[in-house]
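*Asks:* Mind looking over this structure? Questions follow.
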Amino acid sequence: MFVDQVQIYVKAGDGGNGLVAFRREKYVPKGGPAGGDGGNGGDIIFEVDEGLNTLMNFRYNRHYKAKHGENGMSKSQHGKNAAPLIVPVPPGTIITDTETDETIADLTVHKQQALIAKGGRGGRGNVRFASPRNPAPDIAEKGEPGIEKTLQIELKLLADVGLVGFPSVGKSTLLSVVTAAKPKIADYHFTTLAPNLGVVSTEDQRSFVMADLPGLMEGAHTGVGLGHQFLRHIERTRVIVHVIDMASTEGRDPHDDYMKINDELKAYEPALMDRPQIIAANKMEMPTANENLESFKSKLQTDVSVFPISALTRSGLRDLLFAVADLLETTYVEPLEEELDEKVIYRHTKQEAPFTISRDPDGVFVISGAKIEKLFHMTDFAYDESTQRFSRQLRGLGVDEALRKRGAKDGDTVRLLDYEFEFIE
Ligand SMILES: Nc1nc2c(ncn2[C@@H]2O[C@H](COP(=O)(O)OP(=O)(O)OP(=O)(O)O)[C@@H](O)[C@H]2O)c(=O)[nH]1
Ligand SMILES: [Mg+2]
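The sequence shown maps to residues 0 to 424 in numbering that gives the first Met the number 0.
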């Protein structure tokens, strides 16, 4: 199986901070709380776009950050929620969290979406902390941080384009100069024993998958040479690029080659004749090639496009690739049964313990864990009431109890991220 893979980083937007504010009223020093809630941070959502067929976009851009929610405002106004960041992916994309090695989503169908990283909730403003006992609370929450993750993105490649032709016409050489693939190249027949795939990226940012297939010969459909077992790979491709040695390096007539290969394709599967073809007339830098090309064209009975190239000197490639990309845009082939895969995995990441306690060499108790760190980030330590609320939250989660069990005594230092406090019995 040929797989394209890339690692990326995503960060959903943080929630906006809640605000501490008070209404200003004549003769009333604190006219009641009026600090609004922060807006929610933007989610990171992956969405299938069937127009994509490679992970090329991820190679150009490996960082995806959604916008933060707006901070809460005075007069109890809610900050705006941030819009989600929608990242288009090709069908067949599998997304794995590199930290947990868990598959987060397996996206197959057009427009299908998966929530990849949730944006942070907006912090609550002081309006929400008002109670009969505390009508003018000096407390607000900071926004919840958006989820961040490093992801492994994988796509099983299916070739869009297949290179066909006699052995040694330069199929592998062509693949090696238009993609990052490194197929074996040599001047003997059947150098290529199994298909090689590469991702082509055209100058105008289109991309497609090209397969270099083992050479075909007369009789391939009956099992001569390596042909037969690889003809089925051609069935999967949407466009066929017919590579021809225009320099007649081995003494064969280029037009004869063209007819024979087509006969083989037809004998194997008549429907292959409906597959659009493009001719890559290769080895054009050789002295006799031009003359051969003229005679080839004069014999040609169809209106198939011919692109003179030299894989060796890398000339003529740009136009050839543009033509292939154009044809791909207008060619649809019903996928083979076995490729239809409606299975969708979508699991939530494992439930983590809210916190863990360890001890540093200096004797300090260290608390860590996603949940508790989130509470920490959402606390605005500038306000005493917020700080007190944080202590209550720690107690509520059982941190005090756990510290005591680990042997913490009155006055011991406890650390959480870059915040240190004393353990008080
Ligand atoms: N002069 C010239 N030689 C080329 C060109 N392209 C490929 N060759 C040579 O042709 C020979 C065969 O090239 P390959 O790319 O291995 O051919 P292939 O079609 O993949 O052959 P098989 O894998 O055996 O089917 C090598 O010696 C290449 O260097 C070209 O544009 N000009
Ligand atoms: Mg080859």
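Glycine included, each C-beta is placed from N, C-alpha and C at the ideal position.
So, do the region 235-242 and the region 321-329 have three or more beta carbon pairs nearer to each other than 8 angstroms?
*Replies:* Output reads yes: the region 321-329 touches the region 235-242.
*Asks:* With a CB to CB cut of under 6 angstroms and the five nearest residues on each side skipped, what residues in its chain are close to E24?
*Replies:* These residues qualify, in order along the chain: G30.
*Asks:* For the alpha helix (DSSP H) that K373 lies in, which residues bound it at each end?
*Replies:* It spans A369 to H376 - the alpha helix (DSSP H) in which K373 sits, taken as one unbroken run.
*Asks:* Compute the minimum distance between the beta carbon of S171 and the heavy atoms of ligand 2, and state whether it is under 6 angstroms.
*Replies:* The answer is yes for S171.
*Asks:* Quick check: what's the CA-CA separation for M312 versus K282?
*Replies:* The amino acid at residue 312 is misidentified as Met; the sequence shows Thr. Roughly 9 angstroms between the two C-alpha positions.
*Asks:* Under 6 angstroms from any heavy atom of ligand 2, does the C-beta of T248 make it?
*Replies:* No, since every heavy atom of ligand 2 falls outside the 6 angstroms radius drawn around the Cβ of T248.
*Asks:* Is F45 near V108, with beta carbons less than 7 angstroms apart?
*Replies:* No; because the gap between Cβ atoms is not below 7 angstroms, this pair is not in contact.
*Asks:* Using a Cβ-based criterion (distance less than 6 angstroms to any ligand heavy atom), does K282 qualify as near ligand 1?
*Replies:* Result yes, Cβ under 6 angstroms from ligand 1.
*Asks:* Less than 7 angstroms between the beta carbons of D13 and G119, yes or no?
*Replies:* Yes, these two residues count as a Cβ contact at 7 angstroms.
*Asks:* Going straight from the alpha carbon of G315 to that of G222, what length do you get?
*Replies:* So the alpha carbons of these two residues sit roughly 34 angstroms apart.
*Asks:* Mind checking S294: buried by the 16 CB within 10 Å criterion, or exposed?
*Replies:* So S294 counts as exposed.
*Asks:* What whole-angstrom Cβ distance do L157 and V208 have, given they're in contact under 8 angstroms?
*Replies:* Rounded, the Cβ-Cβ distance is 7 angstroms, consistent with contact.
*Asks:* Expressed to the nearest angstrom, what Euclidean distance is found between the alpha-carbon atoms of K342 and A65?
*Replies:* Only weak support is given to the placement of K342: the predicted model assigns it a pLDDT of 43, under 50, and the value that follows is read from those uncertain coordinates. C-alpha separation (whole angstroms): 28 angstroms.
*Asks:* Taking Cβ positions, are L54 and L154 nearer each other than 7 angstroms?
*Replies:* For L54 and L154, yes; Cβs fall inside 7 angstroms.
*Asks:* Quick one: grab the DSSP three-state call for R358.
*Replies:* Strand.
*Asks:* Does the region 354-370 come close enough to the region 395-403 that 3 or more CB-CB pairs lie under 8 angstroms?
*Replies:* Judged by Cβ distances under 8 angstroms, the region 395-403 makes contact with the region 354-370, as three or more pairs qualify.
*Asks:* Within the chosen definition, does the region 262-281 reach the region 176-191 through at least 3 CB pairs nearer than 8 angstroms?
*Replies:* The region 262-281 vs the region 176-191: no contact.
*Asks:* Pick out whichever of T99, M285, P194 and D137 has its Cα sitting closest to the Cα of Y382.
*Replies:* Checking every option, the nearest Cα to that of Y382 belongs to D137.
*Asks:* Does the beta carbon of T178 fall short of 6 angstroms from some heavy atom of ligand 2?
*Replies:* False, no ligand heavy atom lies under 6 angstroms from that Cβ.
*Asks:* Is the Cβ-Cβ distance between V163 and L230 less than 7 angstroms?
*Replies:* Cβ atoms of V163 and L230: not closer than 7 angstroms.
*Asks:* Got a sec? Which residues, its chain only, sit under 6 angstroms from G35 by beta carbon, not counting five neighbours each side?
*Replies:* The answer, listed in chain order, is L18, G71, M72, S75, Q76, H77 and G124.
*Asks:* Express the C-alpha separation of V176 and K183 in angstroms, rounding to a whole number.
*Replies:* Going from the Cα of K183 to the Cα of V176 covers about 12 angstroms.
*Asks:* Any chance you could list the beta strand (DSSP E) runs of at least 3 consecutive residues sitting entirely within the region 268-342, in chain order?
*Replies:* Correct list: 276-281 and 305-307.
*Asks:* Could you round the C-beta distance between G15 and G122 to whole angstroms and report it? I think they count as a contact, below 8 angstroms.
*Replies:* Yes, they are in contact, since the Cβ atoms of G15 and G122 sit about 7 angstroms apart, within 8 angstroms.
*Asks:* On the criterion of 16 or more Cβ atoms from any shown chain inside 10 Å, does E336 qualify as buried, or is it exposed?
*Replies:* In this prediction, E336 has a pLDDT of 45, which is less than 50 and means its spatial position is unreliable; what the coordinates show is noted afterwards. Exposed, since its Cβ has fewer than 16 Cβ neighbours within 10 Å.
*Asks:* For my contact list, L114 and P89 are in at a C-beta cut-off of 8 angstroms; report their separation, rounded to the angstrom.
*Replies:* That belief does not hold up - the Cβ atoms of L114 and P89 are roughly 19 angstroms apart, past 8 angstroms.
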